[in-house]
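S.K.:
Number of protein chains: 2
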Amino acid sequence: MIHPLHTLFHPKSIAVIGASEVPGKAAERRTRSLIQGGYEGQIYLINPKRDRLFDRKAYPSVLDIGNAIDLAMIVIAPKFIPQAVADSVKMGAKGIVIITAGLGETGEDGKKIEAEVLKIADEGGAKIIGPNCSGLFSGSARMNLLGIPPIKKGPLAIIAQSGNIIDSLTHYAEMRGMGLSAIISVGNAIGVKFHEYIEYLSQDDDTKVIMMYMEGINEGSQLVQVARRVSTKKPIIILKVGRSKAGMRAAASHTGSLAADDAIVNAAFKQAGIIRVSNVDEMFDVATCFANLPLPKGKNVAILSEGGGDNSVAADNAEVQGLEVPVLPS
Amino acid sequence: MIHPLHTLFHPKSIAVIGASEVPGKAAERRTRSLIQGGYEGQIYLINPKRDRLFDRKAYPSVLDIGNAIDLAMIVIAPKFIPQAVADSVKMGAKGIVIITAGLGETGEDGKKIEAEVLKIADEGGAKIIGPNCSGLFSGSARMNLLGIPPIKKGPLAIIAQSGNIIDSLTHYAEMRGMGLSAIISVGNAIGVKFHEYIEYLSQDDDTKVIMMYMEGINEGSQLVQVARRVSTKKPIIILKVGRSKAGMRAAASHTGSLAADDAIVNAAFKQAGIIRVSNVDEMFDVATCFANLPLPKGKNVAILSEGGGDNSVAADNAEVQGLEVPVLPS
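First to last, the protein sequences are chains A and B. Numbers in our numbering are just positions in the first sequence, counted from 1, shifted up by 180. Numbers in our numbering are just positions in the second sequence, counted from 1, shifted up by 180.
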């Protein structure tokens, strides 16, 4: 059985609603990263004011394409979004990525549009990613809707509630020669939720390790349930802010997230087998280890280095962190 | 008044006893790094088997130079060291850096040689660095006795009981564009002790921050006394292993150090104003901050970043680490 989110990561065709050639614009960067990223399906650029964009035909509306679409990426002003979603659903879209910001995170007007959009999508059987998100990347489909430089395919997946955390992680990946299977910028997450992405990635053969950046948890019990099942097969590493009042305030002003009591978060994560980290560097280090090394059978480690000082420091830190450095038979 | 260790870091002349041209040898690397490092004083190469080395005259013994020397670096077999030290003292050496390993750290025979050497040096008014050390670097004298690539002059000083910790720190310094005022590889430290180096660096105008790597503490009360006085003027950052049994074992086999009870070490360091770190990366980060930034007046910090996620993570970590991230007036 094909997973309900499968089409989002393996679409045969993509419509970019609000495609642009104006350098530096969110729409331009994403149109360009999609075209230049090596995606082999059909790309349809939608912009009622242009006949051609990026040396391709541009369509006034998604209804004018004349073919069904699998995925739509929407980068237009909030008031035009409900119609664009309705049109996309009509043309068969199974996934709709809404990049546009200024919706639910800014107030009641935005929340109304979100509710309307979600209703249209639900009725049409389409999944909503975003709004207020950075986009989507699929390694196997070579689909880069993030507007960032080319990303290598590999074993790491990212689910993140922040565009610049994604930027940091993809930058580390490039520096360290690691590749990515999927990147999901969840944004306001009115449609697909964290645990649904985890569920999807758990059965995705390209993904070996799941990294997540969270500011708030809305579906806590589902997250713990899914993670508990998945973490026995694939490591789930989460950077979750809200350990301090300052972190909670920053998260609230960023994505409107309300942080839960942190002791409860820690206990729940532990129960679910989730590895919690405190910064992006640590997250990438842990993920890289899981991706490149076999799972250890126990706590015993041996240390090999070219110097006595490095050995001493490594042994000391290993044991402080709960590992054992046994005396080797001489 | 000139500090008793001043001449070690600003010698007018240096004799390399055991100078060599054999590529890769400890003596060759150090002879070369001294010659190529830009040192402007007199260099005398001593090797009874050679007339010339590195296109310079080579002398059979330090006694044949015909001039006084300020500093001697000794890289010859243990049994020849006492005579070389006696000759160096006779020629006026105020400092003697003994690179040779296989002395006190290997057993009683080595300990006897160390005692003999120390007696000769003490009677002659010379300071011993090492043995079993990597050498010495002085930024202002452009003196590189470490056998490593050129090092830029700058505000950081290193005192270390491990050659490869020095290698790591100088590598970071180069990557980050930071410079060093002094590097001291203490080795078995039969002569000059940790606290004497700190004392010297405290009055050295080139040094702004002192980094130390320690495996064992032999003169604990002097260290705390000196550090308490110095740390009010210059930050002292120490990476000290021995927080775990594994770390203690590794240190014991590396430099024969006996680690003290770690709770006592922590309390003593805190009293002395010493900043304790757990790895080389952290040590370099902390040192770089102290070298480049003014001392904060309090615990309040503001965070500036280009993204909401980075802000949330930074605010969260700041407060968890005991800083305050106040709400700014809007």
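Backbone N, C-alpha and C fix where the C-beta goes; we use that ideal spot for every residue, glycine too. The model shown is predicted, which means the values in this text are computed figures rather than measured ones.
Taking the continuous beta strand (DSSP E) assigned at A:P474, which residues delimit it?
M.R.: Start at 1 with the first residue of the first sequence, and residue 474 of chain A comes out as number 294. Element bounds for A:P474: n/a, residue is neither H nor E.
S.K.: Is there a Cβ of chain B sitting closer than 8 Å to that of A:E462, yes or no?
M.R.: Position 282 of the first sequence, counting from 1, holds the residue named residue 462 of chain A. For A:E462, the answer is no, since every Cβ of chain B falls outside 8 Å of its Cβ.
S.K.: Residues in its own chain within less than 6 Å of A:F234 by CB, not counting five upstream and five downstream?
M.R.: Translated into the one-based positions of the first sequence, residue 234 of chain A becomes position 54. These residues qualify, in order along the chain: I215.
S.K.: Inspect the beta-carbon positions of B:A257 and B:L225 and report whether they are closer than 8 Å.
M.R.: Taking the first residue of the second sequence as 1, we reach residue 257 of chain B at position 77. Taking the first residue of the second sequence as 1, we reach residue 225 of chain B at position 45. Contact flag unset, no.
S.K.: Anyone know if the C-beta pair for A:G511 and A:I370 falls short of 8 Å?
M.R.: Nothing can be reported for residue 511 of chain A: it is not among the residues displayed for chain A, which extend from 181 to 510.
S.K.: Please compile the residues from chain B whose C-beta is within a distance smaller than 7 Å of the C-beta of A:Y393.
M.R.: The residue labelled residue 393 of chain A in the question sits at position 213 within the first sequence. Going along chain B in sequence order, the residues near A:Y393 (Cβ under 7 Å) are G489.
S.K.: Is the distance from the Cβ of A:L360 to the Cβ of A:G396 below 8 Å?
M.R.: Taking the first sequence and counting its residues from 1, one reaches residue 360 of chain A at position 180. Taking the first sequence and counting its residues from 1, one reaches residue 396 of chain A at position 216. In this structure, A:G396 does not lie closer than 8 Å to A:L360 by Cβ.
S.K.: Would B:V500 pass as an interface residue toward chain A - the criterion being a Cβ-Cβ separation below 8 Å?
M.R.: Here residue 500 of chain B corresponds to residue number 320 of the second sequence, with the count starting at 1. Closer than 8 Å to some Cβ of chain A, the Cβ of B:V500 qualifies, so yes.
S.K.: How many angstroms separate the CA atom of B:F189 from the CA atom of B:F317?
M.R.: If you number the second sequence from 1, residue 189 of chain B lands on position 9. If you number the second sequence from 1, residue 317 of chain B lands on position 137. B:F189 and B:F317: Cα-Cα distance of roughly 8 Å.
S.K.: What residues of chain A sit near B:S342, judged by a beta carbon separation below 7 Å?
M.R.: Numbered from its first residue, the second sequence carries residue 342 of chain B at position 162. Within chain A, the residues near B:S342 are G487, G488, G489.
S.K.: Whose Cβ in chain B lies nearer than 8 Å to the Cβ of A:A426?
M.R.: As a first step, residue 426 of chain A is located in the first sequence; it is residue number 246 there, counting from the start. Per Cβ cutoff of 8 Å: A495, D496, A498, E499, E504, V505.
S.K.: Anything in chain A within Cβ reach of B:L419, meaning under 8 Å, just list it in chain order.
M.R.: The sequence position of residue 419 of chain B within the second sequence is 239, counting from 1. Correct list: V493.
S.K.: B:A495 and A:A281 look like a contact to me (Cβ under 8 Å); what is the Cβ gap, rounded to whole Å?
M.R.: Counting from 1 along the second sequence, the entry for residue 495 of chain B is found at position 315. Counting from 1 along the first sequence, the entry for residue 281 of chain A is found at position 101. That pair is no contact at about 21 Å.
S.K.: Roughly how many angstroms lie between the CA atoms of B:S401 and A:L473, to the nearest whole one?
M.R.: If you number the second sequence from 1, residue 401 of chain B lands on position 221. If you number the first sequence from 1, residue 473 of chain A lands on position 293. Cα to Cα, the separation comes out at about 45 Å.
S.K.: Buried or exposed, going by whether 16 or more other CB atoms sit within 10 Å of the CB of B:D461?
M.R.: Here residue 461 of chain B corresponds to residue number 281 of the second sequence, with the count starting at 1. The residue in question, B:D461, is exposed, as its Cβ has fewer than 16 Cβ neighbours within 10 Å.
S.K.: B:D386 to B:G334, Cα distance in whole Å?
M.R.: Translated into positions along the second sequence, residue 386 of chain B becomes position 206. Translated into positions along the second sequence, residue 334 of chain B becomes position 154. Distance between the alpha carbons of B:D386 and B:G334: 7 Å.
S.K.: Quick one: grab the DSSP three-state call for A:L391.
M.R.: Reading the first sequence from its first residue, position 211 is the one you call residue 391 of chain A. According to the sequence shown, residue 391 of chain A is Met rather than Leu. If DSSP states are grouped into helix, strand and coil, A:M391 belongs with the strands.
S.K.: Under the assumption that A:I346 contacts A:I363 (Cβ atoms under 8 Å), give the Cβ distance between them as a whole number of angstroms.
M.R.: Residue mapping note: residue 346 of chain A aligns to position 166 of the first sequence, counting from 1. Residue mapping note: residue 363 of chain A aligns to position 183 of the first sequence, counting from 1. Rounded, the Cβ-Cβ distance is 6 Å, consistent with contact.
S.K.: On the CB-based measure, 16 or more other CB atoms within 10 Å of its CB, does B:N497 come out buried or exposed?
M.R.: Position 317 of the second sequence, counted from the start, is the residue given in the question as residue 497 of chain B. Classification for B:N497: buried.
S.K.: Can you tell me whether A:G343 is helix, strand or coil according to DSSP?
M.R.: Start at 1 with the first residue of the first sequence, and residue 343 of chain A comes out as number 163. In the structure shown, A:G343 sits in a helix (DSSP, three-state: H, G or I).
S.K.: In the DSSP assignment, what residue or residues form a beta bridge with B:F317?
M.R.: Taking the first residue of the second sequence as 1, we reach residue 317 of chain B at position 137. B:F317 is bridged to B:N324, B:I363.
S.K.: Secondary structure at A:Q383, three-state DSSP: helix, strand or coil?
M.R.: As a position in the first sequence, residue 383 of chain A is number 203, starting the count at 1. If DSSP states are grouped into helix, strand and coil, A:Q383 belongs with coil.
S.K.: In angstroms, rounded to a whole number, what distance separates the CA positions of A:G217 and B:G489?
M.R.: By one-based count along the first sequence, residue 217 of chain A stands at place 37. By one-based count along the second sequence, residue 489 of chain B stands at place 309. If you take the alpha carbons of A:G217 and B:G489, they lie about 26 Å apart.
S.K.: Cα separation between A:G343 and A:P203?
M.R.: By one-based count along the first sequence, residue 343 of chain A stands at place 163. By one-based count along the first sequence, residue 203 of chain A stands at place 23. Cα to Cα, A:G343 sits roughly 19 Å from A:P203.
S.K.: Does B:Y224 come out as helix, strand or coil in the three-state DSSP assignment?
M.R.: Start at 1 with the first residue of the second sequence, and residue 224 of chain B comes out as number 44. Residue state, collapsed to three classes: strand.
S.K.: For A:Y352, which of helix, strand or coil comes out of DSSP?
M.R.: Reading the first sequence from its first residue, position 172 is the one you call residue 352 of chain A. DSSP places A:Y352 in helix when its eight states are reduced to three.
S.K.: Over the uninterrupted alpha helix (DSSP H) stretch that includes B:K299, give me the two end residues.
M.R.: On the second sequence, position 119 is the one that residue 299 of chain B refers to. Here the alpha helix (DSSP H) through B:K299 covers 288-304.
S.K.: Here's the rule I'm using: 16 or more other beta-carbon atoms within 10 Å means buried, otherwise exposed. How should A:V406 be labelled?
M.R.: Here residue 406 of chain A is taken as the residue at index 226 of the first sequence, counted from 1. When all chains shown are included, A:V406 counts as buried.
S.K.: Thinking C-alpha only, which one of B:K259, B:R210, B:I245 is nearest B:V277?
M.R.: By one-based count along the second sequence, residue 277 of chain B stands at place 97. For the residues B:K259, B:R210, B:I245, the minimum Cα distance to B:V277 belongs to B:R210.
S.K.: By the DSSP assignment, the alpha helix (DSSP H) with A:A498 in it spans what residues?
M.R.: Taking the first sequence and counting its residues from 1, one reaches residue 498 of chain A at position 318. It spans 488-500 - the alpha helix (DSSP H) in which A:A498 sits, taken as one unbroken run.
S.K.: Quick one: grab the DSSP three-state call for A:V269.
M.R.: Translated into the one-based positions of the first sequence, residue 269 of chain A becomes position 89. Here A:V269 sits in helix by DSSP.
S.K.: Can you tell me where the beta strand (DSSP E) with B:I276 in it begins and where it stops?
M.R.: By 1-based counting over the second sequence, the position of residue 276 of chain B is 96. B:I276 -> beta strand (DSSP E) spans 275-278.
S.K.: Sort A:I254, A:V507, A:A471 by Cα distance to A:I483 and report the nearest one.
M.R.: By 1-based counting over the first sequence, the position of residue 483 of chain A is 303. Of A:I254, A:V507, A:A471, the residue nearest in Cα terms is A:V507.
S.K.: What residue does the alpha helix (DSSP H) around A:A207 start on, and which one ends it?
M.R.: Numbered from 1 along the first sequence, position 27 holds the residue referred to as residue 207 of chain A. 206-216 is the span of the alpha helix (DSSP H), which, as asked, contains A:A207.
S.K.: What is the rounded straight-line gap between the Cα of A:I223 and the Cα of B:A353?
M.R.: Counting from 1 along the first sequence, the entry for residue 223 of chain A is found at position 43. Counting from 1 along the second sequence, the entry for residue 353 of chain B is found at position 173. C-alpha separation (whole angstroms): 48 Å.
S.K.: Run through chain A and tell me which residues come within less than 7 Å of B:N324, C-beta to C-beta.
M.R.: Stepping through the second sequence from its first residue, residue 324 of chain B is reached at position 144. Under the 7 Å cutoff, chain A gives no residues; its nearest Cβ is about 19 Å from B:N324.
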